[in-house]
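Q: Below you will find the structure I want to go over with you.
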Amino acid sequence: MRPIRGVPLVAALLLAAVVGGPTPAAAGAGADGHCARQGHVRVPGAALQQSACLADLTTTGLAGTPYTDPADQAGLTARDTPVPSGVPGVQVDGYFPDSSHFNTTHGWAHDAQFVIRLPDRWNGGLVVTGAPGTRKQYATDKAISDRVLAQGYAYAATDKGNNGVDFYRDGVRPGDAVAEWNTRTTQLTRAARRVVAQRYGHAPRRTYVTGISNGGYLTRWQLENHPELYDGGVDWEGALWTADGPSLLTSLPTAVARTYGAARDEDLYAVGFARGSEFLWPYHEKAYWGVTQKIYRAEFDPGYDPACPGPSAGTTAEQILAPCPSDAHYDYASRPAAVHRAVARVALTGRIGRPLITLHGDLDTLLPQSADSDVYARMVDARGRGTLHRYYTVAGGTHVDGLYDTYPDRLRPILPCYRSAFDALVAWVEHGTPPPADRTLGRPAHGDVVGSCTLDDGLRSGS
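Per this note's numbering, the sequence shown starts with residue 222, numbered consecutively.
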């Protein structure tokens with residue numbers, strides 16, 4: 222068996238060093254229009270902003286600079302993922318007023334940080350995202366920013382207003398921290414639209430929202446609650462929150478119980494974990510299940526076990542990743558009504574107001590598909606919004622594409638299918654070309670699974 226490199230990787234992410242602050246802006250606008258109107262860019266509502274004129278806004282050009290953070294991107298993409306380069310333009314970094322200080326990027330020790338990228342060659346569109354997991358604003362630079370910039374879109378990303386494994390300490394009431402994620406995404410979208418108008422002379426003709434995991438949740442929530450801001454979105458395995466379940470609080474306790482020998486494999490299947498995903502369980506047991514359950518339970522149900530995780534999830538990688546023994550017995554359904562009300566504050570409804578494409582891997586072992594996107598698709602249909610939704614299962618896909626490098630014979634990266642889905646969304650919105658019907662995208666026996674994916678291939682749902 223190939224060595225699993227994921228656990229040291231997660232530890233490195235949790236304990237990553239602070240990235241240095243931005244250097245002064247490079248050369249200003251030239252006669253050729255490079256970085257034109259940079260001096261006119263002011264982010265509405267920002268407490269601080271710094272702009273730079275850069276020769277390349279992609280991770281290829283930003284590697285080794287303070288304008289991106291490879292450590293925060295680690296594990297999200299397969300090693301050989303093709304990435305574009307050579308996209309000159311303006312980058313704006315900064316933060317909105319906020320009272321929490323988890324994000325130490327640029328030495329600011331201030332949350333609500335954002336990045337806005339404005340390519341010289343603009344196609345008239347804007348793409349907005351929020352960080353996946355507990356990561357920060359540069360997390361999806363390789364997975365999302367690189368390609369949309371190369372296509373000519375302006376790009377904006379937020380750290381969601383709190384981040385890191387202690388995010389649950391933000392706010393006053395249970396659920397405040399996650400509720401802020403939605404507020405910060407809306408705030409950045411409105412601000413970025415005005416920034417685009419300042420730079421290019423008019424507002425974006427199209428605005429798309431998209432994201433991975435928690436960023437996928439934000440995509441769903443924004444299209445349900447602020448469809449007036451967007452033309453559509455792509456949801457890559459978004460987290461599902463519903464007041465009465467399912468959610469990760471109804472599936473992960475069983476996984477934690479298995480860690481302590483109090484649950485069988487059949488119990489994991491019963492709460493949604495896929496048969497055939499067993500080879501991924503040891504990694505997730507060490508790197509994801511325990512830490513994820515305890516910090517989100519602390520966010521919505523702090524009274525369950527105040528001592529674990531307590532005021533901090535831990536100071537060492539071992540402490541942070543360790544589960545709370547009490548979570549092996551956590552039963553969300555029996556928790557007080559106040560806990561359910563806390564989740565209800567951020568719950569999804571399925572009532573999307575703009576076109577949405579969802580992708581989910583059938584071997585997702587953090588957010589099992591049957592307890593997440595399968596449920597959300599039914600919610601959308603129940604709200605009478607099914608004509609606005611397409612749902613693609615990626616056979617062999619799991620929660621992070623980086624695991625493909627360990628199991629190339631069993632897994633398939635989702636990113637190539639995500640890129641195809643984004644292109645399909647644009648064709649749907651801008652040209653009226655409907656995407657293919659809901660289907661499973663099979664893992665091809667041959668071909669470039671890291672660099673390509675066709676939505677037309679695969680078995681239609683129900684066929």
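The beta-carbon is built from N, C-alpha and C at its ideal position, and this holds for glycine as well. Values in this document were obtained by computation on a predicted structure and should not be read as measured data.
Taking all protein chains shown into account, decide if VAL671 is buried (16 or more other Cβ within 10 angstroms of its Cβ) or exposed.
A: Taking the sequence shown and counting its residues from 1, the one referred to as residue 671 is at position 450. It is buried - the Cβ of VAL671 has at least 16 other Cβ atoms within 10 Å.
Q: Given ASP677, which residues of its chain have a CB within under 8 Å of its CB, disregarding the five upstream and five downstream residues?
A: Working through the sequence shown from its first residue, we reach residue 677 at position 456. Exclusion of the five residues before and after ASP677 leaves PRO657 as the residues of its chain whose Cβ lies within less than 8 Å of its Cβ.
Q: What's the call for TYR610, buried or exposed, on a 16-neighbour Cβ count within 10 Å?
A: Within the sequence shown, the letter at position 389 stands for residue 610. Checking the sequence, you will find His at residue 610 rather than Tyr. Flag for HIS610 reads buried.
Q: Report the three-state DSSP secondary structure of SER594 (helix, strand or coil).
A: Stepping through the sequence shown from its first residue, residue 594 is reached at position 373. Residue state, collapsed to three classes: helix.
Q: So, using beta-carbon positions, are PRO530 and THR480 closer together than 7 Å?
A: Here residue 530 corresponds to residue number 309 of the sequence shown, with the count starting at 1. Here residue 480 corresponds to residue number 259 of the sequence shown, with the count starting at 1. No, Cβ-Cβ distance for PRO530 and THR480 is not below 7 Å.
Q: DSSP puts ALA377 in a beta bridge; with which residues?
A: Position 156 of the sequence shown, counted from the first residue, corresponds to residue 377. According to DSSP, ALA377 bridges with ILE337 and VAL349.
Q: DSSP state of ALA666, grouped into three classes?
A: To locate residue 666, count along the sequence shown from 1; it is residue 445. Reduced to three states, the DSSP call for ALA666 is coil.
Q: With distances taken between CB atoms, is the gap from ASP452 to TYR359 smaller than 7 Å?
A: Taking the sequence shown and counting its residues from 1, the one referred to as residue 452 is at position 231. Taking the sequence shown and counting its residues from 1, the one referred to as residue 359 is at position 138. Not a contact, by the Cβ cut-off of 7 Å.
Q: Within 10 Å of its beta-carbon, does GLY382 have 16 or more other beta-carbons around it, so buried, or fewer, so exposed?
A: Residue numbering aside, residue 382 sits at position 161 when the sequence shown is read from its first letter. Under the 10 Å beta carbon count, GLY382 is surrounded by 16 or more other beta carbons and is classified as buried.
Q: What is the DSSP secondary structure of LEU577, reduced to helix, strand or coil?
A: Residue numbering aside, residue 577 sits at position 356 when the sequence shown is read from its first letter. It is a strand residue.
Q: Between GLY653 and GLY618, is the Cβ-Cβ spacing less than 7 Å?
A: Numbered from 1 along the sequence shown, position 432 holds the residue referred to as residue 653. Numbered from 1 along the sequence shown, position 397 holds the residue referred to as residue 618. No; because the gap between Cβ atoms is not below 7 Å, this pair is not in contact.
Q: Is ASP456 helix, strand or coil when you go by DSSP?
A: Position 235 of the sequence shown, counted from the first residue, corresponds to residue 456. Note: ASP456 maps to strand in three-state DSSP.
Q: Helix, strand or coil for CYS545, going by three-state DSSP, please let me know.
A: The residue given as residue 545 occupies position 324 in the sequence shown. Correct three-state label for CYS545: coil.
Q: Going by beta carbon distance, what residues of the same chain come within less than 6 Å of THR579, once the five residues before and after it are set aside?
A: Translated into positions along the sequence shown, residue 579 becomes position 358. The residues are ASP456, SER594 and TYR612.
Q: Please classify ALA424: is it buried, with 16 or more other beta-carbons within 10 angstroms of its beta-carbon, or exposed?
A: Against the sequence shown, residue 424 aligns to sequence position 203. Exposed.
Q: Taking the Cβ atom as the reference point for each residue, do VAL564 and TRP462 lie within a distance shorter than 7 Å?
A: Here residue 564 refers to the residue found at position 343 when the sequence shown is read from its first residue. Here residue 462 refers to the residue found at position 241 when the sequence shown is read from its first residue. Yes, the Cβ-Cβ distance between VAL564 and TRP462 is below 7 Å.
Q: Got a sec? Which residues, its chain only, sit under 7 Å from ASP319 by beta carbon, not counting five neighbours each side?
A: The count along the sequence shown starts at 1 and reaches residue 319 at position 98. Counting only Cβ-Cβ distances below 7 Å, and skipping sequence neighbours, we find HIS331, ASP332, ALA333 and GLY382.
Q: Given this structure, state the Cα-to-Cα distance separating ASP367 from SER434, to the nearest angstrom.
A: In the sequence shown, the residue the question calls residue 367 occupies position 146. In the sequence shown, the residue the question calls residue 434 occupies position 213. For ASP367 and SER434, the distance between alpha carbons rounds to 19 Å.
Q: Which residues in the same chain as ARG604 place their Cβ atom closer than 6 Å to its Cβ, once the five residues preceding and following it in sequence are excluded?
A: By 1-based counting over the sequence shown, the position of residue 604 is 383. Cβ within range, chain order: GLY571 and ARG572.
Q: With distances taken from CA atoms, which of SER321, GLY396, ARG631 and TRP502 is nearest VAL560?
A: Your numbering for residue 560 matches position 339 in the sequence shown. Looking at the Cα atoms, GLY396 is the closest of the given residues.
Q: Would you call the segment 303-315 in contact with the segment 387-394, where contact means no fewer than 3 C-beta pairs closer than 8 Å?
A: no
Q: Between the C-alpha atoms of ARG556 and SER547, what's the straight-line distance to the nearest angstrom?
A: Position 335 of the sequence shown, counted from the first residue, corresponds to residue 556. Position 326 of the sequence shown, counted from the first residue, corresponds to residue 547. Each residue's alpha carbon lies about 14 Å from the other.
Q: May I have a chain-ordered list of the alpha helix (DSSP H) segments no shorter than 4 residues that lie completely inside the segment 384-425?
A: 397-421
Q: State the Cα-Cα distance for the pair VAL348 and THR406, rounded to the nearest angstrom.
A: Here the question's residue 348 lines up with position 127 in the sequence shown. Here the question's residue 406 lines up with position 185 in the sequence shown. In this structure, the straight-line span from the alpha carbon of VAL348 to that of THR406 is close to 12 Å.
Q: Using only alpha-carbon positions, find the residue among ASP585, ASP659 and SER591 that is nearest to ARG633.
A: Translated into positions along the sequence shown, residue 633 becomes position 412. Ranking ASP585, ASP659 and SER591 by Cα distance to ARG633 puts ASP585 first.
Q: Considering SER321, what are the terminal residues of the alpha helix (DSSP H) in which it resides?
A: Numbered from its first residue, the sequence shown carries residue 321 at position 100. Run containing SER321: none; DSSP gives neither H nor E here.
Q: Helix, strand or coil for THR608, going by three-state DSSP, please let me know.
A: Position 387 of the sequence shown, counted from the first residue, corresponds to residue 608. DSSP places THR608 in helix when its eight states are reduced to three.
Q: Quick one: using the 10 Å Cβ neighbour count with 16 as the cut-off for buried, is THR692 buried or exposed?
A: No statement about residue 692 is possible, as the shown extent of the chain runs from 222 to 684 and does not include it.
Q: If you draw a straight line from the alpha carbon of ASN321 to that of PHE335, how long is it in whole angstroms?
A: In the sequence shown, counting from the first residue as 1, residue 321 sits at position 100. In the sequence shown, counting from the first residue as 1, residue 335 sits at position 114. The question names Asn, but residue 321 is Ser in the sequence shown. Spanning the two alpha carbons is a distance of roughly 15 Å.
Q: On a Cα-Cα basis, can you pick out the residue from VAL399, THR475, ALA538 and LEU275 that is closest to PHE494?
A: As a working mapping, residue 494 is identified with position 273 in the sequence shown. Of the listed residues, the one whose Cα sits closest to PHE494 is THR475.
Q: What does the Cβ neighbour count give for GLU539, buried or exposed, with the cut at 16 atoms within 10 Å?
A: One-based indexing of the sequence shown puts residue 539 at position 318. Flag for GLU539 reads exposed.
Q: My output table needs one value for SER498: the three-state DSSP class, helix, strand or coil.
A: What you label residue 498 is simply residue 277 of the sequence shown in a count that begins at 1. Reduced to three states, the DSSP call for SER498 is coil.
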